[in-house]
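The structure appears right after this line, and notes come after that.
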Amino acid sequence: MAPRWEYDESYCDAVKKTSPYDSGPRLLDIIDTAIFDYLIGNADRHHYESFQDDEGASMLILLDNAKRSLVQINP
């Protein structure tokens, strides 16, 4: 079965209206991370966590399994 965004034209609009993606930079941060992972060939980032300070500002904490490295070491 295809992912919903492949057949539902309004899916992205629905996501943009859903908390926590409806305010602040969270959605843009996730998009930036996806682009960065694509450029470096990292295909194993499956989720993220977030940190929120006492004032309500939050940031992404990116988790990685370290299966991809920019430098290949030859024995």
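The opening position of the sequence shown corresponds to residue 0 in numbering that gives the first Met the number 0, with each subsequent residue numbered one higher.
Glycine included, every Cβ here is placed at the ideal spot set by N, Cα and C.
Residue i by DSSP, collapsed to three states: which one?
i: E5; result: helix
i: L61; result: strand
i: Y10; result: helix
Rounding to the nearest angstrom, what Cα-Cα distance links residue i and residue j in this structure?
i: C11; j: I39; result: 25 angstroms
i: K15; j: I30; result: 12 angstroms
i: L62; j: H46; result: 7 angstroms
i: D52; j: F35; result: 26 angstroms
i: A42; j: P19; result: 24 angstroms
i: A56; j: M0; result: 37 angstroms
i: L26; j: E48; result: 13 angstroms
My guess is that residue i and residue j are in contact by the Cβ rule of under 8 angstroms, so how many angstroms apart are they, rounded?
i: D28; j: L59; result: 5 angstroms
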